[in-house]
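The opening residue of the sequence shown carries number 7 in our numbering; numbering runs sequentially from there.
We put the CB at the ideal spot given by N, CA and C, even for glycine.
Only a predicted model underlies this, so the values are computations on that prediction, with no experimental measurement involved.
Below: the structure, in structure tokens.
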Amino acid sequence: MSEKEIKHLCSYLVELKTASAEEMRKSVYANYSAFIRTSKEISDLEGQLLSMRNLLSTQAALVHGLSEGIRVDSLSAGYEDFTKEDTSIENRELSEIENWLGEFHDTLEVLLAERRVDEALAALDEGERVVDQANERHKLSPAAFLSMQITITEQRQKLIDQLAETMCQPSTRVVELRSAVVALKKLGDGPRSHTLLLNAHRQKLQSNMQGLSSTSTSFGLAYIAALSQLVFSSIAQAASDSLAVFSEETAYTSELVTWAVKQTEALAQLLKRHVLASSAASGSMRVAAECVHICLGHCSLLEDRGLCLSPVLLRLFRPFLEQALSSNLKRIEQSSAALAAADDWLLLYPPIGARLMGSTSSLNAVSAYQPKLSSSAHRFNSMVQELFEDVAPLETLQLDGPALEGVLLAFNSYVNLLMNAVPGSVENEENLEGSGNKLVRMAETEAQQLSLLANASLLADELLPRAAMKLLPLQQGQQANRTMETPKRSSDKGNRVPEPSREWKKRLQRSVEQLRDSFCRLHALDLIFTEDGDTRLNAHMYISMDGNIDPEWFPSPIFQEFFAKLTTLANLATDIFVGRERFATILLMRLTETVILWLSDDQNFWAEIEEGPKPLGPLGLQQFYLDMEFVLLFASQGRYLSRHLHQVIKNIIGRAIDAVTATGVDPYSVLPEDDWFAEVAQIAIKMLTGKANFSNVEQDVTSPTQSVSAKSVSSVYSHGSESNFAHHYRE
């Protein structure tokens with residue numbers, strides 16, 4: 007492998023490791039509640055076992071002492087002997103150990119009263135050691151042994167209660183708190199000491215939160231940041247104290263995690279009640295996103311201590327952010343619809359102060375690209391930009407998918423508004439009959455209708471995909487840089503555009519195609535049908551020509567009008583689709599195909615041509631052939647002749663020739679050469695565009711053969727086709 011391939015493999019392995027770690031974390035967190043509950047039960051059980059062990063030890067010592075001191079033949083006699091033996095021992099001089107017992111009791115009382123914890127612990131340890139040694143050497147009577155054990159136990163319990171009281175005081179400092187925990191653990195009550203430690207941190211946290219709330223009257227971002235820092239710093243301090251005293255013992259670690267989760271949930275509930283709920287209802291995505299971003303930032307600092315609380319925040323915050331996202335998307339739809347109702351569909355640059363699609367790194371970058379859109383499209387674009395900028399920092403919440411899907415639906419809704427603005431469209435009629443709540447201003451002129459297409463195409467092809475790049479992870483950005491450095495190879499999957507982004511862009515373009523089809527359908531129907539619903543493009547216009555003795559060889563009026571319409575649209579598109587000529591070309595191509603495909607699929611037209619009472623004659627065939635060649639020529643010169651359109655026209659011509667052949671007439675014997683159709687079509691285009699030179703026609707005509715004769719041209723003129731067309735074109 008080459009060096010670049012090794013680097014690419016290493017990068018892929020690192021990404022795979024990160025994804026695996028995240029998947030493992032999710033898997034662990036999914037079962038963590040049951041694990042913590044089981045660990046807590048085990049911890050409680052360990053505490054109970056320790057208490058039972060201490061009790062059994064005390065009982066065993068008591069039984070051992072009684073068994074050594076009692077020598078009886080019966081229970082009553084044994085009791086009398088024990089009493090006599092005990093009395094005889096007590097009457098002796100007190101041993102040094104029994105004298106020490108009195109001093110030991112007094113010393114512990116003083117140490118406890120003065121809260122000298124370390125010395126009290128040392129005294130208790132010394133007392134237990136002395137008692138054990140004396141008992142082993144049989145220097146203590148059973149009664150004295152029991153008395154010393156009871157004294158030590160009572161003093162131990164007093165010290166435990168004193169330490170617990172100290173830990174519950176809010177004024178206890180961190181150093182004193184940790185010392186008390188250590189002492190309580192040494193006394194054998196570790197579970198209680200850990201619980202009291204966490205309770206002490208909780209009480210101090212609540213006290214600090216009350217003090218913070220008293221200094222602020224609203225939940226602004228500054229207050230949210232201070233509150234989040236306070237909560238997670240308290241959790242960090244509790245974790246530090248717990249690990250310092252109890253190390254990483256499973257029972258205590260589980261209790262710490264449970265406690266930290268509860269504090270995190272309390273913070274989340276507080277923010278949900280005062281910030282997220284109102285933001286979600288109003289669709290204020292920015293406030294909610296910044297709130298969550300602040301908390302996640304503080305929460306991430308705890309991961310170095312082994313506490314991963316971000317899943318808790320994500321689980322609690324995600325529903326509100328999804329609601330805020332949904333409300334924001336709905337607000338985008340409503341705002342765009344409100345402006346569309348009064349939009350004049352004039353393309354303008356963004357208003358001053360609006361958020362532009364350029365980079366914010368410099369003024370030059372901002373001004374480098376300022377799209378021209380109508381007012382409603384500018385509003386839609388700016389609101390989507392704000393939405394993506396607000397969602398982008400919340401990568402861990404994985405809101406990029408819902409955001410992209412929501413923007414897609416909002417864009418489809420906006421495109422439906424644009425389709426409703428096309429006069430006479432099917433969508434507009436359904437809107438008027440059905441939901442009358444989405445009123446939209448009609449685009450009456452062709453320039454306004456092209457502006458509708460400019461809005462949709464610019465948003466779908468450039469603005470929205472560019473904004474969606476903000477949601478791509480940083481790793482994809484780095485991989486894109488590597489792709490630019492690495493030569494293109496068909497087997498390198500890293501060179502491909504991310505599939506979700508590509509598919510999302512395709513879905514945007516499908517909506518634009520629907521608007522384009524609506525535009526083409528409108529102009530095709532206006533051309534083919536009259537206002538009364540009669541068909542202008544019918545078979546009669548060709549069949550009736552065979553009764554004309556001296557026909558005028560010029561494209562039919564409807565195709566002259568078709569050429570004029572396409573020329574007008576092409577000129578308008580040049581000014582509207584600046585830098586996006588491909589879209590304008592495809593638009594003209596689709597409009598031409600719409601008309602010709604309608605002619606190809608019109609059953610009434612072909613039924614009359616092929617099966618009507620009056621068959622299509624040679625003259626009608628020649629005119630039909632000329633019309634189709636005229637369409638081929640101006641579409642080719644306008645560079646919007648597709649292979650599909652070319653094939654459809656050839657098929658139509660072939661079908662008309664077959665219809666004439668079926669009548670017993672040889673069409674090729676009556677039709678002129680192909681050059682004649684091309685020459686006449688070329689002359690017609692020059693006449694329609696005002697470029698004809700009547701003083702020198704032969705030099706002016708530019709056909710594939712350059713063989714047009716003055717006689718053929720004069721025959722065209724002699725029949726008045728020029729004057730007739732000029733009159734029709736002016737109309």
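- Across the structure, A40 and A272 are spaced so that their CA atoms are roughly 20 Å apart.
- Between S648 and E679, the gap from beta carbon to beta carbon reaches 8 Å or more.
- Residue pairing by DSSP leaves L204 without any beta bridge partner.
- Using a 10 angstroms sphere on the CB of C305, the tally of other CB atoms reaches 16 or more, which defines it as buried.
- Around R522, the same chain offers L459, L593, R596 as residues with beta carbons nearer than 7 Å, after the five sequence neighbours per side are excluded.
- Between L308 and the set F326, T270, A348, the nearest pair of CA atoms involves T270.
- Between K268 and S240, the CB-CB gap reaches or exceeds 8 Å.
- Taking all protein chains shown into account, V20 has fewer than 16 neighbouring C-beta atoms within 10 Å of its C-beta and is therefore exposed.
- When secondary structure is reduced to three states using DSSP, F560 falls in the coil class, being assigned neither helix nor strand.
- Runs of the alpha helix (DSSP H) spanning 4 or more residues and lying entirely within the stretch 275 to 341 occur at 283 to 288, 291 to 306, in chain order.
- Under DSSP, F565 shares a beta bridge with no residue.
- A contact between stretches requires three or more CB pairs, one per stretch, nearer than 8 Å, and the stretch 286 to 300 meets this requirement with the stretch 322 to 336.
- A direct Cα-to-Cα measurement between S457 and N422 gives close to 15 Å.
- Contact annotation, L470 with V390: C-beta distance approximately 6 Å; criterion of less than 8 Å satisfied.
- For the pair of segments examined, the stretch 350 to 358 was found to touch the stretch 376 to 391: the number of CB pairs separated by less than 8 Å reaches three.
- I689 and N610 have their alpha carbons spaced roughly 32 Å apart.
- Under the DSSP assignment, S382 falls in the alpha helix (DSSP H) whose first and last residues are 381 to 397.
- For G539, no alpha helix (DSSP H) segment is defined, and its DSSP state is neither H nor E.
- According to the DSSP secondary-structure assignment, L354 is paired through a beta bridge with L379.
- Around the beta carbon of L410, 16 or more other beta carbons sit within 10 angstroms, so the residue counts as buried.
- In the DSSP assignment, K692 falls within the unbroken alpha helix (DSSP H) covering 680 to 694.
- Our two residues, P399 and M173, have alpha carbons roughly 41 Å apart in a direct line.
- For L627, the enclosing alpha helix (DSSP H) covers residues 624 to 643.
- The beta-carbon separation of G618 and I534, rounded to 19 Å, does not stay under the 8 Å limit for a contact.
- Per DSSP, G660 is one residue of the alpha helix (DSSP H) stretching across 649 to 667.
- Here M425 is buried: its Cβ has 16 or more other Cβ atoms, across all protein chains shown, within 10 Å.
- DSSP places C526 in the helix class (H, G or I) of the three-state scheme.
- Annotation: the continuous alpha helix (DSSP H) that includes P471 extends over 470 to 474.
- Y38 and G312 have their alpha carbons spaced roughly 14 Å apart.
- Contact between V518 and A466 holds: CB atoms are separated by about 5 Å, below the 8 Å threshold.
- Residue range 406 to 426 is occupied by the alpha helix (DSSP H) that includes N418.
- Between I691 and L639, the CB-CB gap stays under 8 Å.
- A residue is called buried when at least 16 other Cβ atoms come within 10 angstroms of its Cβ; E537 does not meet this threshold and is exposed.
- DSSP, reduced to helix, strand and coil, places R447 outside both helices and strands of the structure shown, so it counts as coil.
- M7 sits in coil when the DSSP states are folded into three classes, being neither helix nor strand.
- With 16 or more other Cβ atoms from the protein chains shown falling within 10 Å of its own Cβ, G196 counts as buried.
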